[in-house]
Each structure stands twice: as structure tokens, then as C-alpha cells.
Amino acid sequence: MFFGEMELMSKGITTFAAQMDELVWIITILAAFWFAVAFLAMLIFTFGSMRKEGKKAAYLKGDGKQVWAILIPVILVVMCDAYIDVKTTFLWGRVKGPVNQVLKDEPKSEKEPLHIKITAKQFQFEFTYPGADGKLGTDDDYTDKDEMHVPYGRKIIFHLESKGNAKTDPGVMHSFWVRELRLKQDAIPGRIISGWFEVDKKLVELDSNGKKDPKVNWGGDIISGEKIMSAFQGKVQAESLKNHIEDGKTDDSNFAIIADDLDVQEELKVDTASRKAGQALTKAKMLEIANRVLAEKKKAYDDVEKAGHGRVFMIACAEICGVGHTRMKGYLVVDSPEGFEAWNKHEIEEHKKSK
Ligand SMILES: [Cu+2]
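Under my numbering, the first residue of the sequence shown is numbered -5, with each subsequent residue one higher.
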């Protein structure tokens, strides 16, 4: 759903996404309804009970039939609340309940679940895969930073932990969040928290408006990391460049860094000494440059996506974990089972070489 350019709700891609979205809408609509009722009642009583010549103020004791004026709305609100609570409890159980029990009730997927260890650090996510033997915690495990690959149509069981950067550092709280998965899970030092999700192929193939996304192509080259990541990063940076200009924040150092990364610092007349930019250009001119760069980066990203398999989604840390919190991002690549196996094989080889 869109309001102009603004996406009201990202598309959900997991098997429990529809249930989650339904609940979000139920809560939103019920809360909006009762807010409107309460606000209207307040207005009616305020203006309807204003002082009038010759009219005496009534003294209401709140007994007898008057009780119902309070009780009926209260009962209705409590009923709505109970309805939300029941629905929430079932969904919570499905998503956050003990993984082994929950998965017994879920439709079986063709392949055995894939276990992935997620380690949250200041300020990076690391993903450990089982390697050739398919078992976590053995010698052939390999770890990738910032990027997580999963196939659609298979249960993913993650084991999330928080680690410090030194032996004496117990780590801090983080939160693993991918909005399209409709999944957010805190990472707590000293605990390993397991959870699950399964990406639905059909949902990945739809765009945010519910139409089939023409870019989806599960064939093509294996995209292992860097290429798609840098294209994705480029798109995000170009968006950020545009936002900086729109918000008039061209004099902060981040702007200079982004402009440098995108190679438009000269064009935007960024003064490298003062790290200030755009004094020589009008906002309209800068926006023109930013829009051009954004279009280029969007196209580059689309081209990479079209050429290879896999859809990319952003992973973010959703718990303020320190000064680098906003930089704590990663990328989730959803792939076809074949594409995932090819990538997995490639990574196993690469990590063998680097040992
Ligand atoms: Cu964090």
C-alpha cells in the first residue's frame, strides 16, 4: 500500500506474515475506532453541556440506569481487548514459542530445517552456517559478516546471541530485525535465543502493491555477496544523499562522506577542508544531481538483481546499542533452493581456501 512515495507497510514475505499483518490492522482499526468514539463523546459533552440561561446543571450520581452509560462502553472495550489478546497469544505462540514444538504444527517443508547462528556485535551481524556436514558447531562451519542467505520454502532456525568484542566484554543488547520477515528478536548477552521463519516464494515474487514483480528471476548467475551488496549500498547511499539535500543538511560531515562515496563531491562542490557542501549551488541544482545519481544507482541495482537470483532485504539492529547503532545493518538475500545451494557450495570453498 502506498501514499504517494511513502510505503505504509512493507510487503511481508514469511509464512506467518499475513497473520501478523492482519493483527496489526485489527489493532490499528480498533484503536482508531475507540479513539474516535472517545473524542466525539468528549466534544459532545463539552459543547452540549455548556452553560445556558435558565438551565440548571444536573447532578448525576452515577447510580441506577446511569451505571450502564459507563458499563456498556467498558464492556465493549474489554471485549475488543480480549479479542486482540487471544489473537496475539496464538500468533506469539506460533512465532516465538519453543521452536521444536512450534514446527511440529507447521506444514512440513521438503528439506530439513536450516540452522544458522546469528551473532550480534557492536556493530555488526555475523552469520554462521553449518558448512558441508550440515551441522552447526563443527569445524567446517563458516561465518559471513553482514550478509545472510536463505532459500525460500525451507524452515530457517536461527540461534541468536550477543557477543562482546573482547574476552572481558560481555556484549550489549541488540535486536535482529527484518521488517519483511515480520520478525524482530532481541539478542541478550549470555543467552542464545532460537527462533524460526520460512520465506514464502509467492510472497517474495510480489511487489509492495501485490502485483507480480517483473524483476524476479530465480535463474541467472550466483550472486555471492559483494556485487549485490555494493549495488544495494549504492542505492541506499543515493537515497540518503537526496534526503540530506531535501532536509537542508548539506553541511554535516556525513553528507561529505556520502558524496565522496558516490563520487559526486566535485559536482556538488563539497569543500573537503570544511567538509561543507552546496554553498555554491542552489538546492534545486543539488536535487537534480541527487536525483540523477539515485536513478543511476536504482538502475544498477535492478540490473544486478535481474542478472542474478536472489532478492535483497535489509537487516537492521532495532535496539540502541551504542554510537554505531545506526550503522549496524546487514542484508538478507532470499534465494531459490538451487541458488542457495550454489552459493553455499561457493562459500564452503572460499572459506576452505582462507583457512
Ligand atoms: Cu546493535
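Just so you know, even glycine gets a beta-carbon here, dropped at the ideal spot from N, CA and C.
Segment limits, beta strand (DSSP E) that includes residue 145: 141 to 145
Exposure label - residue 298; buried when at least 16 CB within 10 Å: buried
When you compare only the Cα positions, how much space is there between residue 306 and residue 88? 25 Å
By the 10 Å Cβ neighbour count, where 16 or more other Cβ atoms means buried, how is residue 258 classified, buried or exposed? buried
Between which two residues does the beta strand (DSSP E) harbouring residue 120 extend? 118 to 123
Given a threshold of 16 other Cβ atoms within 10 Å of its Cβ, counted over all protein chains shown, does residue -5 qualify as buried or as exposed? The predicted position of residue -5 is uncertain, since its pLDDT is 36 and thus under 50; no value can be drawn from it.
Ligand 1 heavy atom lying under 7 Å from the CB of residue 313: yes
Distance between beta carbons of residue 198 and residue 327, contact taken as under 8 Å: No, residue 327 and residue 198 are not in contact; Cβ-Cβ is about 11 Å, not under 8 Å.
Residue 64, enclosing alpha helix (DSSP H) - first and last residue: 61 to 90
Residues in its own chain within less than 8 Å of residue 296 by CB, not counting five upstream and five downstream? 209
One or two residues paired with residue 306 in a DSSP bridge: 327
Is it the case that the Cβ atoms of residue 167 and residue 325 are separated by a distance below 8 Å? no
Residue range of the beta strand (DSSP E) that includes residue 182: Residue 182 -> no beta strand (DSSP E), and no H or E assigned at all.
Compute the minimum distance between the beta carbon of residue 121 and the heavy atoms of ligand 1, and state whether it is under 7 Å. no
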